[in-house]
Structure formats: structure tokens, C-alpha cells
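I have placed the structure first, in the form of C-alpha cells, so that the comments after it can refer back to it.
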Amino acid sequence: MIDRTNGGSPPAHPQVFHTVPTAVIAEAEQRDRYPQQSELRELSAFFSSGQKRLEIAAALAQNADRIVAAGANRIFTGGSPMAYLERATDPIGLPGSGYYIGEDFLSAKARSKANLAQEPRSIDPTSGLMDWFKSLFAQGRPNAPSRFRTIDISKYGVVRMKRSMRDLDWFLRYTTYAIVAGDTNILSVNVRGLRGVIPEDVTLATVVALQEMQWKAAQYVDAEAKALVKRYFEVLITEYLVEKPNPRLRFGASKLHPGQPLPQSYYDSALPTPRLVIKPGLSETEKQEAIRAAYRQVFERDVTQIYGVALYDLESQVKNGQLSMKEFVRQLGCSRLYRREFYEPFTISRVIELACRHFLGRGLSCLEEFQTYFEVISEGGLPALVNALVDSQEYADYFGEETVPYLRKLGLEAQECRNWGPQLSLFRYSTPVRKVPQFVTTFAGQQRPLPNQHPYGVGNDPLEIQFGAIFPQETRHPKTQPAHFSTTSRRILIDSGLHNGRNGDRNGNTHWGRVPGTFGHPLLKLEPTHQPRRGNNAQGPYLDVARHSIEAVILGTYRQVFGRDVFDGQRQMVAETKLKGGEITLREFVRQLAKSRPFRRLYWENLYITKAIEYIHRRLLGRPTYSREELNRYYDLVAKQGFYGLVDALIDSPEYIEEFGEDTVPYERYLTPRGYAMRSPQGPLAWWKLRDNPDIAGDWMAAHTPRQPVKIRSTVDSVVASAPSARSAQIAMATATSQQPREMAQPASDQSTRTNQGAGSEQSPIVAGSSAPMSGSNAERPSASANDQKLPSSGTNPS
Amino acid sequence: MSLIKQVIDNSDEELRYPTPGELRVIRDFCKSGSDRIQIARNLQAKATDIVERGTRQFWKICPRTPSNSGDRRKTATAKRDMSWYIRLISYCLLAGNDQPLREIGLTGMKELYTNLGIPLTNIVQYLNCLKAEAMKQLDQADADEVIPYFDELIQEIALPGPPYFMNDGPGESIPV
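Going line by line, the protein sequences match chains A and B. Just so you know, we're using UniProt numbering here: the first sequence kicks off at 1 and counts up by one. Just so you know, we're using UniProt numbering here: the second sequence kicks off at 1 and counts up by one.
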């Protein structure tokens, strides 16, 4: 089992580029002030030039094909390069296409209408010729360097032609974006270093094509705009010619914090962050601003105005140069205010997390680091922690003596993937008031065994059949950290103990759990209605009371497949007749029921796909799905073959044939512990109790203490009456969930691999002992039709 | 995230040039640019006044509140938070949409107040007072621009969000 631990990664969308307004706002926001006059002037200039820039963009967009064609014709010979340009083929349904699928389904008429709306993109050959003719006499056309040779299309190959044309189109498109944005940032972020991935000879050709496009694009705009277009193209070409820049390295401070690379483009696209430093030569206002920034970093908000804690003598020392910024930050950390704000209200673990943010600008990175600082703070208190952080090698590397500490966010430096979730939320505004330590809980979560939930999501299994539900009610105990399931990890399933007559393995040991209510429930089997012939005499019908009538078998099948008794109108009379007549086997009967209209309506049409698969699986195979991997296979099947394919696959599966064969009514073989807890009369979900669904069933089970000692050996009757085996199974669950992950990773025996990986039966001798006598007596239990009513269908009934 | 950025992101997603419609949106945005800057300036000039009078109004409605308890620090903190919101609104004016408010301001604010034990109704009441005050202080045209952001702020805090994770485009998904 692969076990990757992490703190969850909320989808992080790094900044792709920035525009003038975003840059201004980010700058002002980071300094906690309104935009300054100069910034407003810049913005105002941006707005007033907007008209011009948009005109250019519109002109470029309109003549895009011609511009790209000009560039391509310059470098390619022997054919029409534009034939290789592929546009996004079918924009139908995308927003902005003028046609939205949600409104009506793709009727042929609507489709053709939308196609008509597209502009014809072929270029008039005569105008192309005219252009070419004109271009012969045009002024200012760039000269290609002498070593440039044109590329023959036929030799170049279709695939490479397509790529080249796509790239030329892309260059023009991004230039247009940059012109709209009024900022060349988008170009430098996306284009820089491209040359590093393109062979050298092609690079030269690309530059020639770009210059041609630059010249061509300038033809379509007026004189004033020409300079602007030229400038943007120049930025494009310059950035293109830059060698692939080295990734920026995050310093490795110790072996616990290895250095990590961050691609340069990520760094470029990050919002500009002011690095404030205090140096002797700075002006008074700049110094003042740096000091405010230090307050803001350490106290997370602007404290000077509100609390009136301007530490005047300290400040003046900083301004005089007697005190370095590092010492100033240290003094702030040791101040009474810091203690009151960030030490006294919190637990120690939280204090460490917050201090790490304030003084190092990041969250905790690993458990070892936390333990180090925990030791420091428990021995020396808060001042020792502050000193340790400020004196650390990392602080020296990043901030040194002069720089004010800042938050090292995503995009500013490489982040460790394992801590993204807590890391990003630690940088949020409301972080100080979170009472639960974020990192420590994550670290602790890594040490725990797998929670008893579906790998599909965090709290997605409130009812056992509802797993995959997408609306977790997580208002009270929100857990941002997902369980680290891989595709190979499986759910723990409790065995019902029924194994088609062969209880347990060969040694007579059964598994450690039992599904309550199914115990003692006999298998329904379709057996021949007449005794076999003996010699020539046909024997009469079976009159053995231990056998089930065919009617009982049919009703039992309905109950299993539909989860309840069906109404008369829903019965499949044709299939029943065939079954009674011996035309079809019971397996075929089950298949016909599953393919019937009522079943489809009940379990397929109203449900979303995960839930539908889960229901049908439980109905037909008698167990929940094991793992994400298995579910994925069903998704695939359903996508390709639909509902009927799924039913066929389940009923024809080797598992079905082995377990139920041709003549046994499917029964519930396994159950999730959560569903088990629900069915237990003392379970957390009993109807009269408050429903505070615990995160995992194991939580409840671990907390639950049985009121009476477990009976090691019990008779069948007492089991049926008071279900002590249910209790012993609870204990077994509790032991199983508190096992260390190391044990869970061990290869289990072949039985437990099939049934309940992670909690092998050999780990709970109590239950193994208790269920041994049951297995013997179970086989010889007489049939009792009253027991049929105990089919555990009520818990899973969807209606 | 400004309006322009949104347009570029959209068209980049679909591998096309900005459509004329989108360009028109940006053009309108640019045309109103100087007005917006002016409104932002006006708002900035009146911010302290709005907060001051809004607070007094709020205390009339809600006399028993920590900020009115005589603790000067608490009063100042409350005022700081409110002027912070007004500053965010001025950012929104410059960006042309509500993204700065959402990204900087609203994320986690509800949790913050809940954690601090401040009743959300009080905050809503307070913001309502500020809004009324802003309407009084600013002239009609300016107020028309500013009020929607106040409304959004109030709604965001007052209404319970959907109980699931929304993926609303770039940016961290926010549990609401």
C-alpha cells in the first residue's frame, strides 16, 4: 500500500500574469494603504490609453490570419502554410461562442447555425497575391540574417508544420493579450525560456517570422499605434531570445528542509512584493514605512494606530541605525504585546505555528521541526522561541540583517507539497483565531492508520450508502485534510459470516465480525422441485420443510435485488414464469430483475453515477465496493456500455458465480463498519439519538465501551436474542482501528486479503473463538420463514 | 484579479482572441476609468468620516456591544476593521469588479468573527449603518457605484453560503 502523506492541497492557482490595476491594488494592499497619487496617475494613464490599445487589439484580432500568414510565408516555401493552422475546432458550447449547449441540445439546425456564425477563415488568394506584390515595395520590411534559409514544407513534415503554425498563432494571440492588459508581463512570463525547448535552427526561423509579423501587424494600425505594436513585439522577441532561465532555488537550511527549485516563470508571474529594507541612507518616510511593515508582519495587522504601542525609543534606534531590523523584529517578538496577542490565548503548538509564520514567513515544514521548537519553547518559554527563530540560518538566508520579514507565499518561493493546505490557510487573514493547530494535526494525522472512510473524499460517507456524496455537512468540525488513500488501499469490510454453506475457511475459523441481523439467516437456494428419479419411479415433490418453496425464493430475490418487497405491479411475471418453468436459472432471473424498468428507475435514473454504481453493486454482489480502483473500473464500464453493461458485468463476474452460482439468491456478504455502526441498536445513528455523525466509525467504536463483558462462547440463541456478537465485533473494530499502520501494511492472510484488508482475523482471537461454534450450528439450523423478515434491507433502503 | 484579467483568462481558456463584445466591456471600463479613480478618491477622503458617524449610528441601534464598552482599544479595532472594508471597496472600484473584496476581504472573515465570538448580526448591522452613512456622504452618482459592494459585503456575511465547496474559477476554492 502506497501511503503518501500530505496536508491536502487546496487547488492553488498561481498567478499567471498581472495587469496594471492588479499590480496597483496588490502594491497598495500589501502596504495597507490607499493607492498613492503616483499609482493613481499610472492607472489613469492606463485607462486613458485604453481606447488606443483596444483598437489595436481589435485590429490585430481581425487581421490575425493575415499576420500569421505573412510570418509563415516568410519562412516556409513550397506550399500554403496556413493550411496547417488548426483553430479550436468546435467552439460550440463554450461561453462566448454564441451558442450554449445548456439551452437546447445539439440539434442539427442549431449546429449549422452556429457553424455559419463562424467567420470564414480562408484567405482570399488574390488579396494574398496583392499583399505579396505590395510587400515587395513596402518600406521597412525587416531583412533576414544571411544565414537564414527558408524551410521546405514538404520536407518539414505535417506534424512539425502544425506545431509551428500553432506557435506563430499563439505568439500573436499573446501579444494581443499583452496589449489589452497594458503590461508586458504576460509575454515575459509565458515566452521567456521557450527558446530553450526549441532547436537552434528553428529558433532563427521563428525570429524571422516574428519580425515579419511585427512588420505586418504594424501595417494594420495607424501611425501612432505602430510604436506600441512594435514595442510589444520587441518584448516578445527579446524574451524569446533569452536562454532558458535557471530555476530559482529555495535554500536548503538543513536536511529537514531540503532546497527546492522554483521555475523562473512562476517567480516572474507572482505579484510584485515589496521587500522593505532599513538602510542608513534611506529617507525618513521610507524608514517609517519599513517599520510599519515590520509591525504588520509580526503582529499581522496595523497595531500602531490602534494599540498605541509605538515603541518610540526602539523605533528611533532603528532609524538612527543603532538597531538593525533583525534586532528590532526580535524586540517586537519579546514585547508584552506579542505575548498577549499570540502567546497567551493559544496552545503551545499553535503558538509555534504562528511564530513560525511571523518570524520566518512560512508555516512549519515537518514534525521534526515542530519537535525542535517545542523543546525550545518548553525549556525557555516564548523569548527562547523567538530567539531561536530569529537566529536561525534560514532567517539569515532570507532576510538577513536589514530586510523586513515577509510572507513567503506560493510563487515567491518553492513550496513543499506536503504542507500546502495548512500553509495556504496559515496565510489567511483569520489565522490567529483558529484554535486548532493546523500543522500539528496534520502531522498527527500522518501517524494514524487509515480512517474508515471511502477514499473518495473527506467526510463523504455520512450514511454508509451515501459515500461519494458531494455535500458533506462539515460546519462543525471542518477537516481540511483528506485521508491519504491511494488507489490500492481498500475499505475495511465486515463479513456477514454467510458463505454459501461454507462458513469460514477450512480450519473452521470465521472472520472476526458479523453483520447484525443477517446472522442465522439461511441462504435462499433454488432447488429442484421434484426429487430425482430413482429407477423408473418418479418420486413425488419434495416435502422437506427445510427447503424453500419457489415462491419464497422469488420473494427473497425481490427483496434482495430491490431492497424491499415490491408492489404487485412491479413484479416481473414473465421472468417468474420462466423461472418456475425451469427455463432460466436463478442467476438469469436476477439479471432480468436488475434490468427491469422498476429497478432501473429506482437505482439508476435518479442517482448520480457513484451512488448508482454503489447501490447496484451492493444489491447484486452483496458487498460495497472495495476501493477507488474498483470503482474506477465501474466508471469506465458505465461510460462505455451503460447501465445494462454494468449489470451484466456484475452478474457475469467470477465473484458472483463463485459466491452465488446459478441457484443462490444473492445476500449481503459484507458491510462497512460505518453501516455496521448504524445498524447497531446502540449505534450513534439510532433514531432517538442526536445525530452528530462522527467522522469515522472507528472514532465512535473506539470511544464506545461495552457494558457487559464479552461472551467468549455463546450459543446461537443468545446471539440471536441479544446479539453480543455485535459487541464483540465492535471491540474487534476498535482494536482494528487502533492498530498501527505498519501492521496494516503487512500482507494479510489470503482470506483477509479478500475480505478485510488491514485487520486480519488473527489479530482478534476473541471473536475467532466466539464465532467458531456458531459456524458449526449454523449449517444445521432449520429453516424458519420468520427469519426471512430479518433481511437487513431497511438500513439501505433508499426510499 | 481585475476585469481585464478576467477577459484575458477567458479568451485564453478558449484559445481565441478577445471578442468585440469583450473589448467593448474593457473599453467602457477604461472610459469610466477616470471617474472611478475620482470616486475612489472621494471615498478615501470621506472614509474616516463615514466610519466615525457610522459607528455612532451603530451604537444608537446596538448600545451593548464590545466596541461601545468604553474600552478604547476595542473601539479602535472595530473602527479599523470597518475602514479596512472601505479601503477594499476603493480597490474594487479601481479593479472594476468585486474580486479584490473577495480575495482579500471576505475569505475567512465569517470564521474570524465566529471564532472571536462576535455575533454576525452586529457586524451586519454595523455595515448597514456604514452603508447608510456612505449614501449620505457621497453624492448620488458616486453612491450608485459604491453601494453594490456594500450590499455584497453585507450579503456575504449575513447569508449562509451553500454547504459545499464551490469552485468559482481561479483562486483558492473557498468553503462557504
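Cβ atoms here follow ideal geometry from the backbone N, Cα and C, with glycine treated the same way.
Test item: CB-CB of residue i and residue j under 7 Å
i: residue 275 (chain A); j: residue 403 (chain A); result: yes
i: residue 410 (chain A); j: residue 363 (chain A); result: no
i: residue 195 (chain A); j: residue 203 (chain A); result: yes
i: residue 273 (chain A); j: residue 5 (chain B); result: no
i: residue 66 (chain B); j: residue 74 (chain B); result: yes
i: residue 298 (chain A); j: residue 332 (chain A); result: yes
i: residue 157 (chain B); j: residue 123 (chain B); result: yes
i: residue 251 (chain A); j: residue 397 (chain A); result: yes
i: residue 68 (chain A); j: residue 168 (chain A); result: yes
i: residue 278 (chain A); j: residue 315 (chain A); result: no
i: residue 249 (chain A); j: residue 27 (chain B); result: no
i: residue 669 (chain A); j: residue 496 (chain A); result: yes
i: residue 39 (chain B); j: residue 93 (chain B); result: yes
i: residue 50 (chain B); j: residue 152 (chain B); result: no
i: residue 567 (chain A); j: residue 604 (chain A); result: no
i: residue 153 (chain A); j: residue 259 (chain A); result: no
Any chain B beta carbon closer than 7 Å to residue i
i: residue 54 (chain A); result: yes
i: residue 47 (chain A); result: yes
i: residue 639 (chain A); result: no
i: residue 428 (chain A); result: yes
i: residue 50 (chain A); result: yes
i: residue 613 (chain A); result: no
i: residue 552 (chain A); result: no
i: residue 21 (chain A); result: yes
i: residue 176 (chain A); result: yes
i: residue 603 (chain A); result: no
i: residue 61 (chain A); result: yes
i: residue 58 (chain A); result: yes
i: residue 225 (chain A); result: no
Neighbour flag for residue i against chain A, beta carbons, 7 Å
i: residue 83 (chain B); result: no
i: residue 78 (chain B); result: no
i: residue 119 (chain B); result: no
i: residue 158 (chain B); result: no
i: residue 69 (chain B); result: no
i: residue 122 (chain B); result: no
i: residue 116 (chain B); result: yes
i: residue 166 (chain B); result: Caution is warranted here: a pLDDT of 46 is assigned to residue 166 (chain B), below 50, making its placement in the model unreliable, and the coordinate value is therefore given only provisionally. Chain A contact via Cβ: absent.
i: residue 94 (chain B); result: yes
i: residue 30 (chain B); result: yes
i: residue 126 (chain B); result: no
i: residue 176 (chain B); result: Any reading at residue 176 (chain B) needs caution, since the residue's pLDDT is 35, under 50, leaving its predicted position unreliable; the model's value is listed next. Chain A, which has no Cβ nearer than 7 Å to the Cβ of residue 176 (chain B), makes this no.
Short CB-CB distance (under 7 Å) between residue i and chain E
i: residue 29 (chain A); result: The structure shown has no chain E; the protein chains it does contain are A and B.
Residues sharing a beta bridge with residue i, DSSP
i: residue 35 (chain B); result: Answer is none; residue 35 (chain B) lacks a bridge partner.
i: residue 671 (chain A); result: A:494
i: residue 413 (chain A); result: A:410
i: residue 76 (chain A); result: A:151
i: residue 48 (chain B); result: BP columns for residue 48 (chain B) are empty, so no partner.
i: residue 525 (chain A); result: A:664
>> Give me the subset of the stretch 4-25 of chain B whose CB atoms are less than 9 Å from a CB atom of chain A, sorted by chain position.
In response: 4, 5, 7, 8, 9, 10, 11, 12, 13, 14, 15, 16, 17, 18, 19, 20, 21, 22, 23, 24
> Which of the residues in the stretch 50-66 of chain B, read from start to end, lie with their CB under 8 Å from any CB of chain A?
Replying inline: Flagged: no residues at all.
> In chain order, which alpha helix (DSSP H) runs of at least 4 residues are fully inside the stretch 249-276 of chain A?
Replying inline: 264-269
> Where are the alpha helix (DSSP H) runs, 4 residues long or more, that stay fully inside the stretch 289-352 of chain A, in chain order?
Replying inline: Complete alpha helix (DSSP H) runs here, min 4: 303-307, 312-320, 325-333.
> Which residues, taken in chain order from the stretch 38-49 of chain B, show a beta carbon closer than 7 Å to some beta carbon of chain A?
Replying inline: 44: these are the residues of the stretch 38-49 of chain B whose beta carbon lies less than 7 Å from some beta carbon of chain A, given in chain order.
> Using a Cβ cut-off of 9 Å, which residues of the stretch 98-111 of chain B contact any Cβ in chain A, in chain order?
Replying inline: 99, 100, 104, 105, 107, 108, 109, 110, 111
> Which runs of the alpha helix (DSSP H) spanning at least 4 residues fall entirely within the stretch 364-403 of chain A, listed in chain order?
Replying inline: 367-390, 393-398
> Can you list, in chain order, the stretches of the alpha helix (DSSP H) that have 4 or more residues and sit fully within the stretch 604-642 of chain A?
Replying inline: Listed in chain order, the complete alpha helix (DSSP H) runs (minimum 4 residues) inside the stretch 604-642 of chain A are 609-621.
> Of all the alpha helix (DSSP H) runs that stay within the bounds of the stretch 67-143 of chain B, which reach a length of 4 or more residues?
Replying inline: Correct list: 72-95, 109-116, 120-137.
>> Closer than 9 Å between beta carbons: that is the criterion. Which residues of the stretch 571-589 of chain A meet it against chain B?
In response: none
>> Closer than 7 Å between beta carbons: that is the criterion. Which residues of the stretch 134-153 of chain B meet it against chain A?
In response: none
>> Tell me which residues of the stretch 34-45 of chain A have at least one Cβ-Cβ distance to chain B shorter than 8 Å, keeping chain order.
In response: Going along the stretch 34-45 of chain A in chain order, one finds 34, 35, 40, 43, 44 with a Cβ nearer than 8 Å to chain B.
>> Against chain B, which members of the stretch 61-79 of chain A pass a CB distance test of less than 9 Å?
In response: 61, 62, 64
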